[in-house]
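Everything below concerns the one structure shown next.
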Amino acid sequence: MRNIAVTNNPPSSPFSVFFLPEAGKGGVITPLFDHLFPARGRQGRLGGILVLTNSKGISVLFLVIAMMLMVTIGYVFSYLIPSKQKSVVFPIQSTQAFFIAQSGVEFAVKYACVNGWVTTPLPNSLNGIQKNLGSGRFTLTYDFATYGDQLISVGEVPINTVRRRIVVSNFTSFLMEITHSGSASTPADSATATNTADPTAVAPPGGMLAGDLVLMIAQQRGTGAALAIFQAGGQSWTAEAAQSQTNCTIRLFWCRFNGTWSANPSVDFSGTTCNTVVMHVFRPSNTSSVWEVDVAQVSGNFAAPPIPRTVTIPGITTITDGALVFATWATADDNTWGTLTAEWSTPGSAQYRNTSGADQSQTHAYWVRAIAGASGNVSKNQLTLGGDAGARLIIAFRARVI
């Protein structure tokens with residue numbers, strides 16, 4: 145057993161010790177390769193297994209591995225971050241293109257309404273319109289012969305790159321144009337017209353359609369008169385607040401025509417001095433609509449105007465594109481009226497006179513505002529027998545497709 149020292153109490157060693165059956169009971173095996181690595185510390189090798197016992201070398205190895213991992217992770221992040229930044233651009237531009245396409249639809253609706261292209265195939269004039277918006281643009285397509293009543297709006301951001309497409313079916317159903325379709329009154333206007341009947345009925349104009357807006361303005365030559373619907377004619381009426389000046393009371397009633405008159409509508413005046421009822425009918429381009437108040441009635445009185453007898457009604461600000469603004473002037477004299485503010489129109493007769501009692505008259509004006517906004521003041525002159533105080537009102541209506 146040469147080169148093997150056996151002792152019952154071997155000294156402690158800084159090196160790893162392996163007990164093997166071949167060493168005998170209680171034996172210690174001295175590493176066999178000490179002479180190969182004399183300067184690197186003791187190493188043990190048993191059964192072909194080499195055990196490193198230098199802790200400094202292991203630390204360096206782990207440090208190298210950690211640095212390689214950090215370099216790898218840094219490289220991966222340096223690759224992913226620019227790629228992510230590039231990929232974010234596409235959804236941003238796609239969203240911008242969508243909103244530009246939506247702007248194209250809104251432009252088409254307003255442009256068609258302003259130009260009266262509310263029935264097919266008139267919106268064909270929209271076909272091919274392009275508008276630049278910021279770094280993008282929209283392009284409109286409307287070809288009734290090819291696509292039917294369909295609007296296509298394509299948004300691009302930048303131009304000729306990212307695209308979003310919006311298709312609006314039944315496009316003309318979203319277009320609204322309001323027109324005056326007829327008027328009637330009791331009594332009919334003339335220099336000798338009279339009426340004192342209570343209640344007073346009015347025969348509606350012919351050619352009315354379901355969905356029409358019916359405005360009925362009642363006037364009595366009295367102060368604080370009570371005016372109310374007497375015969376509804378099968379309709380559901382809304383009564384606005386009455387406005388009264390000395391010897392002049394007016395009140396507006398309105399409804400959506402349901403398609404059938406059960407009788408001529410009438411107004412109760414609770415008096416037979418001098419009574420007038422005027423009816424104006426307005427039609428939406430889409431009769432499958434409901435009528436709503438866009439701006440609440442604003443009413444008041446006016447003093448006797450000096451020469452040139454101009455009476456001005458303060459304007460209102462509409463909320464909805466295409467809203468109908470309606471105004472009324474009334475006096476306790478049989479005035480004639482004219483010189484209306486530009487852009488406004490007079491429905492029916494220039495005025496409605498009633499010479500019963502000590503006379504009265506009323507006149508009206510309307511304006512369909514294609515774009516919502518301030519109507520501005522509206523004025524008319526008392527052309528004859530002028531210098532009379534009176535009552536006034538102004539209100540706006542909108543038609544909403546159902």
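Positions in the sequence shown are counted from 1; adding 144 to them yields the working numbering. We put the CB at the ideal spot given by N, CA and C, even for glycine.
Using a Cβ-Cβ cutoff of less than 8 Å, which residues in the same chain neighbour GLN495 once the five nearest sequence positions on both sides are dropped? Working through the sequence shown from its first residue, we reach residue 495 at position 351. Exclusion of the five residues before and after GLN495 leaves ASP333, ASN479, THR480, TRP481, SER505, GLN506, THR507 as the residues of its chain whose Cβ lies within less than 8 Å of its Cβ.
Tell me which residues share the same chain as THR340 and place their Cβ nearer than 8 Å to its Cβ, disregarding the 5 neighbours each side in the sequence. Residue mapping note: residue 340 aligns to position 196 of the sequence shown, counting from 1. THR416, THR417, CYS418, ASN419, SER500, GLY501.
With 16 as the cutoff for other CB atoms within 10 Å, does ASN120 come out buried or exposed? The requested residue 120 does not occur in the structure, where the chain is confined to residues 145 to 546.
Going by alpha carbons, who is nearest to ARG400 out of GLY326, THR382, PRO343, SER406? The residue labelled residue 400 in the question sits at position 256 within the sequence shown. Comparing Cα-Cα distances from ARG400 to each of GLY326, THR382, PRO343, SER406, the minimum goes to THR382.
Going by C-alpha distance, which of THR483, GLY260, SER493, LEU284 is nearest LEU270? Indexing the sequence shown from 1 puts residue 270 at position 126. When each option's Cα is compared against that of LEU270, the closest is LEU284.
Going by CA-CA distance only, name the one from GLN389, ASN391, ALA354 that's closest to GLY378. Sequence index remark: in the sequence shown, residue 378 carries index 234 (1-based). For the residues GLN389, ASN391, ALA354, the minimum Cα distance to GLY378 belongs to ALA354.
Euclidean distance between Cα positions of PRO409 and LEU266: Here residue 409 is taken as the residue at index 265 of the sequence shown, counted from 1. Here residue 266 is taken as the residue at index 122 of the sequence shown, counted from 1. Approximately 37 Å, taken between the alpha carbons.
Presumed contact (8 Å Cβ cut-off) between ASN430 and VAL545, rounded CB distance: As a working note, residue 430 is residue 286 in the sequence shown. As a working note, residue 545 is residue 401 in the sequence shown. Confirmed, about 5 Å.
Could you tell me which residues DSSP puts in a beta bridge with CYS392? By 1-based counting over the sequence shown, the position of residue 392 is 248. According to DSSP, CYS392 bridges with GLN389.
Could you give the first and the last residue of the continuous alpha helix (DSSP H) run that contains ALA289? Locating residue 289 in the sequence shown gives position 145, where the first residue counts as 1. Note, ALA289: alpha helix (DSSP H), 288-291.
Reduced DSSP category for ASN430 - H, G, I as helix; E, B as strand; rest coil: The residue given as residue 430 occupies position 286 in the sequence shown. Note: ASN430 maps to coil in three-state DSSP.
Reducing DSSP to helix, strand and coil, say where GLN240 ends up. Residue 240 sits at position 96 when you count from the first residue of the sequence shown. The answer is helix: DSSP assigns GLN240 an H, G or I state.
Who are the near neighbours of ASN521 in its chain, counting only those whose CB is closer than 8 Å to its CB and skipping five residues on each side? For the purposes of this step, residue 521 is identified with residue 377 of the sequence shown, where counting begins at 1. THR456, ILE457, PRO458, GLY459, THR485.
In angstroms with no decimal places, state the Cα-to-Cα distance between ARG542 and TRP511. For the purposes of this step, residue 542 is taken as residue 398 along the sequence shown, with counting starting at 1. For the purposes of this step, residue 511 is taken as residue 367 along the sequence shown, with counting starting at 1. Roughly 12 Å separates the two Cα atoms.
Using the rule of at least 16 other Cβ atoms within 10 Å of the residue's Cβ for burial, across every protein chain shown, is GLY517 buried or exposed? Counting from one through the sequence shown, the residue named residue 517 turns up at place 373. Classification for GLY517: exposed.
Contacting residues, own chain, Cβ-Cβ under 6 Å from THR483 (five flanking each side not counted): Residue mapping note: residue 483 aligns to position 339 of the sequence shown, counting from 1. Here the set comprises ASN525.
Tell me, please, which residues DSSP counts as bridged to THR475. In the sequence shown, counting from the first residue as 1, residue 475 sits at position 331. Paired residue(s): SER505, GLY534.
Any idea which residues DSSP pairs TRP511 with across the strands? Taking the sequence shown and counting its residues from 1, the one referred to as residue 511 is at position 367. VAL469.
Report the three-state DSSP secondary structure of THR499 (helix, strand or coil). Walking along the sequence shown from the start, residue 499 turns up at place 355. THR499 falls in the coil class under three-state DSSP.
Checking 7 Å against the spacing of the C-beta atoms, do ALA448 and GLY368 come in under that value? Numbered from its first residue, the sequence shown carries residue 448 at position 304. Numbered from its first residue, the sequence shown carries residue 368 at position 224. The answer is no: Cβ separation not under 7 Å.
Determine whether the beta carbon atoms of LEU359 and TRP405 lie at a separation below 7 Å. By 1-based counting over the sequence shown, the position of residue 359 is 215. By 1-based counting over the sequence shown, the position of residue 405 is 261. Contact: no.
Using the three-state DSSP reduction, which class does THR316 fall into: helix, strand or coil? Sequence index remark: in the sequence shown, residue 316 carries index 172 (1-based). THR316: helix per DSSP, three-state reduction.
Since ALA412 is in the beta strand (DSSP E), which residue starts that stretch and which ends it? Here the question's residue 412 lines up with position 268 in the sequence shown. The displayed chain sequence assigns Asp, not Ala, to residue 412. ASP412 -> beta strand (DSSP E) spans 410-412.
Mapping the DSSP letters down to three states, classify THR340 as helix, strand or coil. On the sequence shown, position 196 is the one that residue 340 refers to. Coil, per DSSP.
Give the straight-line distance between the Cα atoms of LEU468 and SER380, rounded to the nearest whole angstrom. To locate residue 468, count along the sequence shown from 1; it is residue 324. To locate residue 380, count along the sequence shown from 1; it is residue 236. Straight-line Cα distance between these residues: approximately 20 Å.
Do SER317 and GLY248 have their beta-carbon atoms positioned less than 7 Å apart in this structure? For the purposes of this step, residue 248 is taken as residue 104 along the sequence shown, with counting starting at 1. For the purposes of this step, residue 317 is taken as residue 173 along the sequence shown, with counting starting at 1. No, the pair does not count as a contact, with Cβ atoms beyond the cut-off.
Ordered along the chain, which non-local residues of its own chain (more than five positions away) have a Cβ less than 7 Å from that of SER433? Within the sequence shown, the letter at position 289 stands for residue 433. Closer than 7 Å at Cβ, skipping near neighbours: GLY355, ALA543, ARG544, VAL545, ILE546.
Residues near ILE463 in its chain [Cβ-Cβ closer than 7 Å; skip 5 each side]: Residue numbering aside, residue 463 sits at position 319 when the sequence shown is read from its first letter. A distance below 7 Å between beta-carbons, with the five flanking residues on each side excluded, links ILE463 to the following residues of its chain, in chain order: ASP438, VAL439, ALA516.
Enclosing beta strand (DSSP E) for VAL298 [first to last residue]: Along the sequence shown, read from residue 1 onward, the residue named residue 298 stands at position 154. Segment 294-301, the beta strand (DSSP E) holding VAL298.
Going straight from the alpha carbon of GLY278 to that of LEU319, what length do you get? Within the sequence shown, the letter at position 134 stands for residue 278. Within the sequence shown, the letter at position 175 stands for residue 319. Rounded to the nearest whole angstrom, the C-alpha separation of GLY278 and LEU319 is 27 Å.
Are GLN240 and VAL311 closer than 7 Å when you measure CB to CB? Along the sequence shown, one-based indexing puts residue 240 at 96. Along the sequence shown, one-based indexing puts residue 311 at 167. No, they are not a contact pair.
Measuring only the C-alpha atoms, how far is ARG365 from ALA476? Counting from one through the sequence shown, the residue named residue 365 turns up at place 221. Counting from one through the sequence shown, the residue named residue 476 turns up at place 332. When rounded, the distance between both Cα atoms is 6 Å.
Which residues bound the beta strand (DSSP E) around TRP481? Indexing the sequence shown from 1 puts residue 481 at position 337. Looking at the DSSP string, the run of the beta strand (DSSP E) that includes TRP481 is 480-482.
Would you list the residues sitting across from SER489 in a DSSP beta bridge? Against the sequence shown, residue 489 aligns to sequence position 345. Per DSSP, TYR510.
Rounded to the nearest angstrom, what separates ASP465 and ALA471 at their Cα positions? The residue you call residue 465 lines up with position 321 of the sequence shown. The residue you call residue 471 lines up with position 327 of the sequence shown. Looking at the two C-alpha atoms, the distance is approximately 18 Å.
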